[in-house]
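2 protein chains.
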Amino acid sequence: MSELVAVPMHLAPVDLSHASRLVNHGPTVLVSTVQAGHRNLMAAAWSMPVEFTPPRIAVVIDKSTFTREQIRATGTLALSVPCRLQADLTFTVGQVSGRDHAGEGPDKFERYGLGAWTSPLLHLPLVEGCVGWMECRVIEEAHTQDAYDTFFVEVVGAWSDPRVFAQGRWSFRDDNRDLHTLHHLGAGVFAIPSDTLQGRLLPDQGALL
Amino acid sequence: MSELVAVPMHLAPVDLSHASRLVNHGPTVLVSTVQAGHRNLMAAAWSMPVEFTPPRIAVVIDKSTFTREQIRATGTLALSVPCRLQADLTFTVGQVSGRDHAGEGPDKFERYGLGAWTSPLLHLPLVEGCVGWMECRVIEEAHTQDAYDTFFVEVVGAWSDPRVFAQGRWSFRDDNRDLHTLHHLGAGVFAIPSDTLQGRLLPDQGALL
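Residue numbers (this note's numbering), protein chains in the order written: chain X, 2 to 210; chain V, 2 to 210.
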């Protein structure tokens with residue numbers, strides 16, 4: 002494996018109290034795992050935060066996936082938040098199973114020429130070129146895993162590309178459009194939230210009624 | 002209450018096998034409830050599908066909310082998917098508790114001048130002007146409600162505004178920008194996924210390695 006051991010210098014650590022914000026707006030994520038030296042990677046459209054402190058996230062991982070076998074064996078997974086430049090990568094790793102190559106031959110990182118760096122605590126592969134990353138421990142919840150394919154995880158390390166996520170906030174601007182997140186509509190079509198607006202309080206008419 | 006009983010004529014039923022697509026891309030939703038004639042409404046940034054068939058969704062509802070009291074009492078809730086024109090409405094109902102007015106005085110629909118129609122099966126209030134709607138039964142999962150504030154629900158009826166969601170797909174275009182969904186970044190700032198792109202399969206280099 003050609004992984005880097007250190008956190009790449011251009012990335013910024015994300016305070017754990019802000020980690021859930023990385024997926025607050027519903028982006029598609031990449032789920033990566035490693036078991037006995039064999040890495041895997043898939044796309045997951047279905048995830049959401051469930052808590053800010055401690056940072057906890059729910060993610061849906063189908064029973065048919067090789068990723069799920071690896072998670073069940075290791076109790077860990079990493080989430081990388083891909084960006085516009087990675088739409089093809091995200092679609093591809095969501096279409097192709099890593100099981101065929103499990104334990105022999107090239108893994109999905111190698112097959113598709115993807116770079117990775119290794120998370121410092123849990124030594125999970127994080128995908129280069131993404132805009133947010135989290136290394137996570139799975140909270141054992143056998144029933145929800147079985148009944149809803151839903152895994153609750155706790156984030157123990159988080160990083161971002163500070164050009165698009167800094168001080169606990171996403172900043173989607175015209176000058177960083179290539180780094181905006183992907184939101185899966187279905188069939189490989191992604192929506193990209195380039196436009197933003199600030200909600201304001203409506204006047205309370207209660208006193209008039 | 003000034004609710005309509007029938008489904009508004011300009012809305013389209015969504016096949017239940019496509020209902021989860023309404024929230025596939027991570028929009029903020031409005032959660033509405035009714036108990037003994039008293040309605041309530043809140044915003045929830047955290048939801049995700051967990052299954053297409055049957056259509057099941059997970060949504061996070063904090064213990065402090067009046068909505069949660071109503072859900073626990075009735076076992077039902079409705080989800081409305083708000084659009085760009087409703088950013089202020091969405092921010093406002095997420096900031097203000099309905100508990101103060103519970104059982105007496107105007108509810109949040111009345112206080113903020115919001116129209117509603119009544120879902121045909123469970124008789125829940127659905128918010129006018131939204132772009133997607135689902136009436137849902139809560140699946141009793143006491144542990145995940147307690148430990149993660151996470152409610153798993155099954156969708157039993159779904160509708161969309163066909164100008165932006167038809168044949169099971171969102172279609173975000175320049176001519177329907179006002180109807181695009183809201184994705185909460187934090188502090189009342191919403192991202193809006195107006196731009197879309199189609200992911201394509203990357204070449205598999207596995208054979209070359």
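Glycine residues also receive a C-beta, built at the ideal position from the N, C-alpha and C atoms.
Is it right to say residue i is buried, meaning 16 or more other beta carbons lie within 10 angstroms of its own, or is it exposed?
i               : result
M135 of chain X : buried
P55 of chain X  : exposed
Q199 of chain V : exposed
I174 of chain X : A small correction: the amino acid at residue 174 of chain X is Arg; Ile does not occupy that position in the sequence shown. R174 of chain X is exposed by the Cβ-count criterion.
Q206 of chain V : exposed
A143 of chain X : exposed
H11 of chain V  : exposed
Since I believe residue j is in contact with residue i (beta carbons under 8 Å), could you give me their beta-carbon distance rounded to a whole number of angstroms?
i               : j               : result
V15 of chain X  : S161 of chain X : 5 Å
H184 of chain X : P194 of chain V : 5 Å
A59 of chain V  : T151 of chain V : 5 Å
Do residue j and residue i have their beta-carbon atoms positioned less than 7 Å apart in this structure?
i               : j               : result
A44 of chain V  : T91 of chain V  : yes
G189 of chain X : R22 of chain V  : no
K1 of chain X   : V128 of chain X : This structure gives no information on residue 1 of chain X, because the portion of chain X shown stretches from 2 to 210.
M214 of chain V : W47 of chain X  : Only positions 2 to 210 of chain V appear in this structure, which leaves residue 214 of chain V out of reach.
G133 of chain X : V82 of chain X  : yes
R201 of chain V : L180 of chain V : no
V30 of chain X  : L80 of chain X  : yes
L122 of chain V : V97 of chain V  : no
E41 of chain X  : G99 of chain X  : Per the sequence shown, the amino acid found at residue 41 of chain X is Asn instead of Glu. Yes, Cβ-Cβ distance for N41 of chain X and G99 of chain X is below 7 Å.
T145 of chain X : T145 of chain V : yes
Shortest alpha-carbon distance to residue i belongs to which of the options?
i               : options                        : result
H124 of chain V : V:L78, V:G169 and V:F191       : V:L78
S120 of chain V : V:S33, V:V61 and V:S172        : V:S33
V51 of chain X  : X:V35, X:R40 and X:A20         : X:A20
T197 of chain V : X:D196, X:T197 and X:A192      : X:A192
A37 of chain X  : X:V97, X:E70 and X:H11         : X:E70
L115 of chain X : V:L203, V:M10, V:F67 and V:S18 : V:L203
W118 of chain V : V:T66, V:C131 and V:K64        : V:C131
D147 of chain V : V:E111, V:F166 and V:R73       : V:R73
D111 of chain X : X:N177, X:H39 and X:M10        : The amino acid at residue 111 of chain X is misidentified as Asp; the sequence shows Glu. Among X:N177, X:H39 and X:M10, the Cα nearest to that of E111 of chain X is on X:H39.
R178 of chain X : X:C84, X:M10 and X:T66         : X:C84
Short of 7 Å in beta carbon distance, which residues of its chain neighbour residue i, apart from the five on each side in sequence? Order them along the chain.
i               : result
P140 of chain X : Checking the displayed sequence, the identity of residue 140 of chain X turns out to be Ile instead of Pro. Cβ neighbours of I140 of chain X beyond the five flanking positions: F153, V154 and E155.
N25 of chain X  : P50
F67 of chain V  : N41, S98, G99, R100 and A103
S65 of chain X  : none
So, for residue i: in the same chain, excluding its five sequence neighbours on each side, which residues have a beta-carbon less than 8 Å away from its beta-carbon?
i               : result
Y113 of chain X : L90, T93 and V94
S18 of chain V  : F53, T54, P56 and G169
R138 of chain X : G76, T77, L123, V154, E155 and V157
V1 of chain X   : The structure shown does not extend to residue 1 of chain X, since chain X spans only 2 to 210, so no value can be given for it.
V61 of chain V  : A45, W47, S48, Y149, D150, T151 and F152
A88 of chain X  : L183 and F191
Might you give, ordered along the chain, the residues of its own chain that have their beta carbon closer than 6 Å to the beta carbon of residue i, omitting 5 neighbours on each side?
i               : result
D63 of chain V  : D150
A167 of chain X : none
A159 of chain X : V15, A20 and M135
Using a Cβ-Cβ cut-off of 7 Å, state whether residue i counts as contacting chain B.
i               : result
S195 of chain V : In the structure shown, chain B does not exist; the protein chains are X and V.
Can we count residue i as close to the ligand HEM, meaning its CB is less than 6 Å from some heavy atom?
i              : result
P14 of chain X : Ligands displayed in this structure: none; no statement on the ligand HEM is therefore possible.
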